[in-house]
Each structure stands twice: as structure tokens, then as C-alpha cells.
Amino acid sequence: MVNELRPVDRAVLAVLGRLLPAAFRERQQGEWASDLLTLPADTRLRYLTGAARTLPSLRAQVRRGHVVPELEVGPGLAAGFARIVFFGLAWPILSWLLWVPFRYYAFSVDDRLAAATDPEYTIDPQSVWPFDVTPGWLMIVWWPPHLGAWMAVLSGPFLIVAVTVFGSLLALLGRRARRRVVLLAAVIVGVVGAAATGVLVALEISDNGFAAGFLGAVALGLTVVKGLSTRLRTGLVVVGLGAIALFVAFHTGEGQAMLGWFQD
0 MVNELRPVDR AVLAVLGRLL PAAFRERQQG EWASDLLTLP ADTRLRYLTG
50 AARTLPSLRA QVRRGHVVPE LEVGPGLAAG FARIVFFGLA WPILSWLLWV
100 PFRYYAFSVD DRLAAATDPE YTIDPQSVWP FDVTPGWLMI VWWPPHLGAW
150 MAVLSGPFLI VAVTVFGSLL ALLGRRARRR VVLLAAVIVG VVGAAATGVL
200 VALEISDNGF AAGFLGAVAL GLTVVKGLST RLRTGLVVVG LGAIALFVAF
250 HTGEGQAMLG WFQD
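Residue numbering for the sequence shown is 0 to 263, as defined by numbering that gives the first Met the number 0.
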């Protein structure tokens with residue numbers, strides 16, 4: 000089984016095996032080799048690094064005759080990136096789908112505007128569900144989807160930075176060893192993103208949804224990554240198609256009317 004591995008994997012296993020008691024060496028190398036054969040190439044180095052870190056406790060367990068637990072391997076680089084993209088897109092894209100197209104068509108905003116005889120007639124987005132049925136003291140409940148929808152509509156560098164920050168936080172914050180690094184990176188990128196957004200707003204520059212379309216294509220492309228759960232693949236498809244729908248809205252007459260209504 001060891002012979003089926005890449006030369007570099009065999010070399011690392013040989014070194015690790017030399018550090019184990021001889022009576023246990025062959026068995027453990029066989030288990031490691033079996034695990035490596037089932038892993039994608041981009042996760043094998045992480046697995047071997049984890050094996051090296053556990054050598055002291057492994058030797059102690061062997062001497063005491065304890066059963067050696069299996070090593071847990073974290074997601075590979077591509078799988079980790081897929082999680083970041085999904086978590087980062089989920090809030091703005093799902094918020095946009097609910098806050099803009101759903102409200103626009105479910106409450107016949109398009110038909111009401113078309114039927115109006117007064118060319119100056121408008122329908123305030125704040126007068127459409129859920130604002131029209133929500134008491135003032137509960138309005139704070141709707142701020143997350145409202146802000147998420149604006150984040151998606153602004154698109155451009157702001158959306159890319161937001162996806163990077165929120166996606167990284169949600170995907171990696173649970174790993175204590177990386178928590179401070181991730182928080183620091185999020186703060187730095189967030190400040191840069193806020194500055195870039197301020198410049199774009201001041202210059203009234205829009206990317207016409209190209210950032211959303213790009214991120215949507217990336218999300219759909221990541222569905223082919225090995226090792227992803229069915230739930231994550233489905234989520235990537237949903238947010239990917241939603242982001243591409245936002246891009247299409249920027250480039251169709253009906254979509255521009257819908258976005259114009261929301262931005263008013």
C-alpha cells in the first residue's frame with residue numbers, strides 16, 4: 000500500500016516510521032498510507048504535519064498499550080476557499096433576493112408603477128412589506144437583510160471585501176489558533192474596503208454588477224471541489240445563481256427598473 004503513494008509521501012512516512020517503536024512501525028505506516036490514499040493531494044501535507052505533531056503522544060500511547068485514535072484532517076485549501084465564498088455571499092445575496100426581486104414582484108410593484116397615470120408616481124420601498132406591517136420599535140429586526148441587500152447592490156470592491164471579511168470570519172473564527180490573526184486581517188481589509196467604498200460613492204462609480212457576476216461564477220465553479228458536503232454544494236449553487244441574477248439585473252431594462260426602485 001505504501002508503494003502506491005507519491006515518492007514524497009513515502010519519504011515522509013519513512014521518516015515518521017523511524018521515530019516509532021519497531022514493533023508498531025509497520026502497522027502505523029500502513030494506517031497512514033491508507034488514509035493518504037483516500038485524501039486529495041492538497042490535504043496530504045496537512046495530514047502528515049498533523050501526524051508529526053502527534054508523534055510524542057503516539058509513542059506514549061504505544062508504550063502504555065493504548066489504542067491510537069485516528070487523525071482528523073481539516074479541509075483542503077480549495078474546500079476552505081469554497082466555505083469562505085459561500086459564507087461570504089450568503090448574507091448579501093440572500094438578502095438581495097428577499098429584499099429586492101421578491102418584494103418587487105410579490106407585491107406587484109412593477110404592475111402598480113406601470114398602471115400609474117402620473118409619471119412622477121413612485122412607491123417608497125419603505126412602504127412595502129415588511130415595513131408597512133412592522134411596529135416602529137421592531138424595525139431593527141429588518142436592518143440585517145436591508146444592509147445585506149445594499150451590500151449586494153453596491154457590488155464592486157465593497158462586495159468583494161465584504162465577502163472576504165465575513166466569509167473568513169464565519170469559516171475560520173472557530174479555530175482558536177487563528178482567531179486573532181483572522182480578526183486582525185478582517186479589521187485591516189475592512190478599513191481598506193470602507194475607504195475604497197467611500198471613494199467609489201464620492202465619484203459615483205458603479206461596476207454594474209460585474210463583481211457580483213464574477214463571485215457568482217466562482218461559487219458555481221467551486222461546486223466541483225472534492226470533499227464538499229451536499230449541503231455546501233447546494234448552498235454554493237443557490238448563492239452563485241443569485242449573484243449571477245444580480246449581474247443580469249444590472250444589464251436588463253426590467254432589472255434596472257427594479258434596482259432603481261430599491262435605490263430610491
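From the three backbone atoms N, C-alpha and C, an ideal C-beta is built for every residue, glycine too. All of these numbers come straight from a predicted model, not from anything done at the bench.
What is the rounded straight-line gap between the Cα of residue i and the Cα of residue j?
i	j	result
residue 138	residue 218	32 Å
residue 225	residue 62	37 Å
residue 251	residue 83	30 Å
residue 223	residue 24	37 Å
residue 86	residue 42	21 Å
residue 91	residue 136	24 Å
residue 155	residue 79	23 Å
residue 10	residue 26	17 Å
residue 8	residue 21	20 Å
residue 235	residue 168	18 Å
residue 77	residue 221	8 Å
residue 106	residue 131	12 Å
residue 32	residue 166	34 Å
residue 157	residue 37	39 Å
residue 263	residue 48	55 Å
residue 89	residue 238	6 Å
residue 81	residue 143	23 Å
residue 19	residue 147	53 Å
residue 104	residue 231	28 Å
residue 93	residue 241	7 Å
residue 227	residue 153	30 Å
Out of the options, point me to the one whose CA is closest to residue i's CA.
i	options	result
residue 5	20, 16, 22, 40	40
residue 95	120, 211, 167	211
residue 261	167, 149, 246	149
residue 151	130, 97, 104, 140	97
residue 12	37, 44, 22	44
residue 216	246, 33, 129	246
residue 145	248, 99, 239, 233	99
residue 243	93, 227, 213	213
For residue i, which residues from the same chain have a beta carbon less than 6 Å from its beta carbon, with the 5 sequence-adjacent residues on both sides left out?
i	result
residue 69	Confidence at residue 69 is low in this model, with a pLDDT of 47, below 50, so its placement is unreliable and no value can be given for it.
residue 102	127
residue 16	24, 28
residue 249	207, 208
Mapping DSSP to helix, strand and coil, what is residue i?
i	result
residue 122	coil
residue 206	coil
residue 234	helix
residue 229	helix
residue 167	helix
residue 251	coil
residue 110	helix
residue 128	coil
residue 134	coil
residue 224	coil
residue 240	helix
residue 55	helix
residue 263	coil
Cutting at 8 Å between CB atoms, please list the residues of its own chain near residue i, excluding the five before and the five after it.
i	result
residue 120	112
residue 141	129, 130, 133
residue 58	18, 19, 20
Give every residue of the same chain whose Cβ lies closer than 7 Å to the Cβ of residue i, excluding the five residues on either side of it in the sequence, and list them in chain order.
i	result
residue 35	4, 8, 43, 46
residue 233	none
Could you tell me if the beta carbon of residue i falls within a distance shorter than 7 Å of some heavy atom in the ligand ADP?
i	result
residue 236	The ligand content of the structure shown is nil, which means the ligand ADP is not present either.
| Is there contact here, the stretch 123-134 with the stretch 243-259, by at least three beta-carbon pairs under 8 Å? | At 8 Å Cβ cutoff, the stretches do not touch.
| said: Across the stretch 158-166 and the stretch 108-117, are there enough close Cβ pairs to call them in contact, namely three or more that are closer than 8 Å? | reply: Touching, no, given that fewer than three Cβ pairs across the two stretches are closer than 8 Å.
| said: If contact is defined by three or more beta carbon pairs under 8 Å, each pair taking one atom from either stretch, is the stretch 53-60 in contact with the stretch 95-111? | reply: The answer is no - the stretch 53-60 does not touch the stretch 95-111, with fewer than three Cβ pairs under 8 Å.
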